[in-house]
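Worksheet for the structure shown next.
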Amino acid sequence: MALRIINTRYYPKYHIAAPGGWINDPNGFCYYKGEYHLFYQYHPHTAQWGPMHWGHVVSDDLIHWNHLPVALAPTEDYDRNGCFSGSAIEKDGKLYLVYTGHRDTPEIPEGFRQTQNIAISEDGVHFAKYPENPVAVAPEDEQIHVGDFRDPKVLKNEENDKYYMVVGSRTPDRLTGQIVLFESEDLIKWEFVNIMARAEGNEGFMWECPNFANIEGHDILIISPQGIKRELNKYMNVFQSGYFMGKVDYDKGVYIHGKFELLDYGFDFYAPQITEAPDGRTLMIGWADMWYNIMPEQEDGWAGMMSVPREIHVKNGKVFTTPIKELENLRTAEKSYENLTFYKPMKFDGVSGDCGELILDIDLTETAEFEIYLRASKDKTQKTVLSYNKALELFKFNRDEAGAGGDGERECPVVAADKMKLQIFLDRSLVEIFINDGEKVMTSRIYPRADSTDIIFVPKDGAFKIDSLKFYELGVGIPQPVVD
Ligand code: FRU
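Position 420 of the sequence shown, counting from 1, maps to 534 under the numbering used here, and the rest follow consecutively.
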């Protein structure tokens, strides 16, 4: 039985969250037999991280999700301390989950061992662990730490019909993150190919949750590195998630790539996972939280949620992430304003709430600097503050006064242009901000009081000119817990 939720004040209306208990990384994101499946790292019994299970939700439109029974639980010797993150892939009509078995092992110096394992399903609901698990272990004669060796993501290379698996790891001295590449003809027998990429300079001591795909002609490696050190106002979160663009040679297992770029500049985005939709789009969902950040919803019987599904595109040599277009189908009421120029703080009728989507086209030729308060209380003492300063070319997200656990600011460089487009999703305790059609994204949790619902537009230096302002109320996409 999952832990009971006793208060829904922070519970999302349309983002994926657990029906009680703790969640972290998205796992096994896939399209199988006409439905989208998302699994997630799950501890059903408490609102804290614990021995990991795989929770499971399903959807036929990517916006309305339903809970399914737990797909994997730690039952075997090789996964006795947790079924850690992994991915899913269809073969011959069956759904294969490929995941990390985590096993405490006091008898070896590393203290634990991680191996890659498989569970197979014919209906997408019930999974049988493969009797010959594990299917991949860290090869002993390679520079791979046998403990930290996890989060397999499997893909098929249509060009040579082989399956490939990227696994997150680090060197045995624990100083350098890296990705290990395996190949297979049948998803069962895996062979080590190479260590395909390794951290250089300030790129971290452990690389978690790799994803690898060819997206619009570019081989893109997404990783969630631990151990990147703060550089001024960059890399302020404890861990990061980002990507490289480059070219892989599958035979040699060598990946030549450019520099590490962040996927998100907010407080809370980690361990994203991608999948390919039937129409060819690359979709991505991340955990909209960050390790060790405070999560006041734990008092309420749950913890953690997912980002909205995003689409990945490559533009000007960079990855852009935009909210999936299906989210438009969640819109209910709409408020729309045009050609607004004002010199003092303004609220607009029908533009407020704890759940909704705000779209702004801002004229930066007339606007030097602005702030936007989200989730503001009537007396404005509680508020989440977004701001942009054109001269500094900095967009900021400040949650000092956002509510419970408010703590500081995150910055995002945005080159000044004539226009700025903002698309902002609010869902009770989550804010996702897409800047300039996904050029930059900031995802952060906030914990305001339920009655702090004002949205206030604040000019800072002369005019605030908005060409178009739209606010949509959004419907329910995840079953709402019943609290008696
Ligand atoms: C990333 C991670 C993974 C691991 C999982 C355990 O957030 O640390 O590397 O598989 O969480 O829950």
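Beta carbons are placed, not taken as given, at the ideal position from N, Cα and C, and that holds for glycine.
Next item on the list: Express the C-alpha separation of residue 357 and residue 433 in angstroms, rounding to a whole number.
Entry: Straight-line Cα distance between these residues: approximately 8 Å.
Note to self: Per the DSSP calculation, residue 144 is bridged to which residue(s)?
What the structure shows: As computed with DSSP, residue 144 is found in a beta bridge with 151.
Checklist line | Contact check, residue 321 vs residue 342, beta carbons under 8 Å | finding: No, Cβ-Cβ distance for residue 321 and residue 342 is not below 8 Å.
Check: Which whole runs of the beta strand (DSSP E) in the region 336-372 are 3 residues long or more, in chain order?
Finding: The qualifying runs are 356-363 and 368-371.
Item checked: Environment of residue 346 [buried if 16+ CB atoms lie within 10 Å] -> That one is exposed.
Note to self: On the criterion of 16 or more Cβ atoms from any shown chain inside 10 Å, does residue 373 qualify as buried, or is it exposed?
What the structure shows: Residue 373 should be labelled exposed.
Item checked: Anticipated Cβ contact below 8 Å, residue 465 with residue 539, distance rounded -> Wrong, their Cβ atoms sit about 14 Å apart, outside the cutoff.
Next item on the list: Measure the Cβ-Cβ separation of residue 478 and residue 533 and say whether it is below 8 Å.
Entry: Going by C-beta atoms, residue 478 is nearer than 8 Å to residue 533.
Check: Would residue 196 pass as a contact of residue 165 if the rule is Cβ separation under 8 Å?
Finding: With respect to residue 165, residue 196 sits close: the two C-beta atoms are nearer than 8 Å.
Checklist line | Cα-Cα separation, residue 230 to residue 211 | finding: Using only the alpha carbons, I get a separation of about 10 Å.
Notebook entry, point to check: Taking C-alpha atoms, which residue in 267, 472, 331 and 364 lies nearest to residue 60?
Noted result: Because the chain in this structure spans residues 115 to 598, residue 60 falls outside the shown range and cannot be described.
Next item on the list: Would you list, in sequence order, the uninterrupted beta strand (DSSP E) runs of no fewer than 3 residues that lie entirely inside the region 276-346?
Entry: The region 276-346 contains these whole beta strand (DSSP E) runs: 276-284, 291-298, 304-312, 320-329 and 332-340.
Next item on the list: Can you grab the Cα-Cα spacing for the pair residue 353 / residue 385, in whole Å?
Entry: The straight-line gap separating the alpha-carbon atoms of residue 353 and residue 385 is approximately 10 Å.
Check: Is the number of C-beta pairs between the region 561-575 and the region 490-503 that are closer than 8 Å three or more?
Finding: Contact holds between the region 561-575 and the region 490-503, because three or more Cβ pairs, one in each stretch, are under 8 Å apart.
Checklist line | Where residue 412 falls: helix, strand or coil (DSSP) | finding: Secondary structure of residue 412 (DSSP, three-state): helix.
Margin query: Here's the rule: buried if 16 or more other CB atoms are within 10 angstroms of the residue's CB, otherwise exposed. What is residue 207?
Written below: So residue 207 counts as exposed.
Next item on the list: Using DSSP bridges, identify the partner residues of residue 399.
Entry: In the DSSP output, where bridge partners are listed per residue, residue 399 has 387.
Next item on the list: Output the distance between the C-alpha atoms of residue 133 and residue 123, rounded to the nearest integer angstrom.
Entry: Straight-line Cα distance between these residues: approximately 14 Å.
Next item on the list: State the Cα-Cα distance for the pair residue 376 and residue 429, rounded to the nearest angstrom.
Entry: Each residue's CA atom was taken as its position, placing residue 376 and residue 429 some 15 Å apart.
Check: Helix or strand or just coil, what does DSSP make of residue 441?
Finding: The DSSP-derived three-state label of residue 441 is helix.
Next item on the list: Please determine, among 214, 181 and 237, the residue with the shortest C-alpha to C-alpha distance to residue 205.
Entry: Closest by alpha carbon: 237.
Check: For the candidate residues 167, 379, 378 and 266, whose alpha-carbon lies nearest to that of residue 324?
Finding: Comparing Cα-Cα distances from residue 324 to each of 167, 379, 378 and 266, the minimum goes to 266.
Checklist line | Rounded distance between the beta-carbons of residue 481 and residue 578, thought under 8 Å | finding: With 8 Å as the limit, residue 578 and residue 481 qualify as a contact, their Cβ atoms being about 5 Å apart.
Next item on the list: For residue 557, I'd like the list of residues in its chain whose CB is within less than 8 Å of its CB, leaving aside the five on either flank, ordered along the chain.
Entry: So the list reads 378, 380, 381, 382, 383, 400, 402, 421, 544, 545, 546 and 547, once near-sequence residues are dropped.
Check: How many Å lie between residue 281 and residue 508 at the Cα?
Finding: If you draw a straight line from the Cα of residue 281 to the Cα of residue 508, it is about 35 Å long.
Note to self: Given the structure, does residue 406 come close to ligand 1, in the sense that its CB is under 7 Å from one of the ligand's heavy atoms?
What the structure shows: Because no heavy atom of ligand 1 lies under 7 Å away, the Cβ of residue 406 does not count as near it: no.
Next item on the list: Compare the Cα-Cα distances from residue 328 to each of 175, 361 and 350 and report the closest residue.
Entry: For residue 328, the nearest C-alpha among the options comes from 361.
Note to self: What does the alpha-carbon distance come out to for the pair residue 180 and residue 593?
What the structure shows: When rounded, the distance between both Cα atoms is 7 Å.
Notebook entry, point to check: For the region 439-489, which segments carrying the beta strand (DSSP E) assignment without a break, of at least 3 residues, lie completely within its bounds, in sequence order?
Noted result: Every unbroken stretch of the beta strand (DSSP E) spanning 3 or more residues and falling wholly within the region 439-489 is given here in chain order: 445-456 and 469-477.
Check: Considering residue 170, what are the terminal residues of the beta strand (DSSP E) in which it resides?
Finding: From DSSP, the beta strand (DSSP E) with residue 170 extends over 167-173.
Note to self: Taking 7 Å as the cut-off, is the beta-carbon of residue 199 closer than that to any non-hydrogen atom of ligand 1?
What the structure shows: Remark: the shortest separation between the CB of residue 199 and any heavy atom of ligand 1 falls under 7 Å.
Check: Say the cut is 7 Å; is the CB of residue 558 nearer than that to a heavy atom of ligand 1?
Finding: Checking the 7 Å criterion, the Cβ of residue 558 is out of range of every heavy atom belonging to ligand 1.
Next item on the list: Give the range of the beta strand (DSSP E) segment to which residue 230 is assigned.
Entry: Taken as a continuous stretch (DSSP letters only), the beta strand (DSSP E) holding residue 230 covers 225-235.
Margin query: Looking at ligand 1, does it come within less than 7 Å of residue 338, judged from the CB to the closest heavy atom?
Written below: Answer for residue 338: yes, Cβ within range of ligand 1.
Item checked: Per DSSP, the bridge partner or partners of residue 588 -> According to DSSP, residue 588 bridges with 445.
Next item on the list: Give a yes or no on contact between the region 136-152 and the region 412-426, applying the rule of three or more CB pairs nearer than 8 Å.
Entry: At 8 Å Cβ cutoff, the stretches touch.
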